[in-house]
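Numbering (the numbering used here), first residue to last: 56 to 177.
Below you can see the structure in the form of structure tokens.
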């Protein structure tokens with residue numbers, strides 16, 4: 056998921072006390088973790104400005120043995136303060152070509168990996 060970090064908070068802030076902030080598109084998963092009072096519609100776009108909010112991207116990897124057996128694996132992240140407030144992330148599959156088994160033979164083996172990429176408030 057894409058987001059833009061406003062490092063000095065001056066993008067649309069009208070205050071003199073500037074802090075790092077973030078711009079996210081409409082429907083961004085991180086909106087599930089930010090209080091509505093901090094979500095400001097971005098002028099003339101389908102985006103939101105999150106004042107005084109920094110996001111980070113976290114990548115989780117799933118054991119290949121598990122990920123090959125199930126196609127319906129998802130990552131659910133919940134707010135500790137309200138376990139009812141959860142966001143589900145779907146996985147990203149990756150195929151990694153392993154080294155050739157024989158230099159004369161052009162066959163190779165492939166390892167499937169599954170990742171979850173979550174964007175969360177700091």
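Heads up, the beta-carbon is just placed ideally off N, CA and C, and yes, glycines get one too.
The structure displayed is predicted, hence computed values, not measured ones.
- Contact check for residue 117 against residue 97 fails: the beta carbons are separated by 9 Å or more.
- For residue 115, the secondary structure class from DSSP, reduced to helix, strand or coil, is strand.
- Residue 66 carries a coil assignment under DSSP once its states are collapsed to helix, strand and coil.
- Counting of Cβ neighbours within 10 angstroms places residue 63 among the exposed residues, the total staying below 16.
- 130 is the residue among 130, 59, 95 whose C-alpha sits nearest the C-alpha of residue 172.
- Ranked by Cα distance from residue 177, the first of 112, 100, 94, 66 is 112.
- The alpha-carbon of residue 59 is positioned some 19 Å away from that of residue 91.
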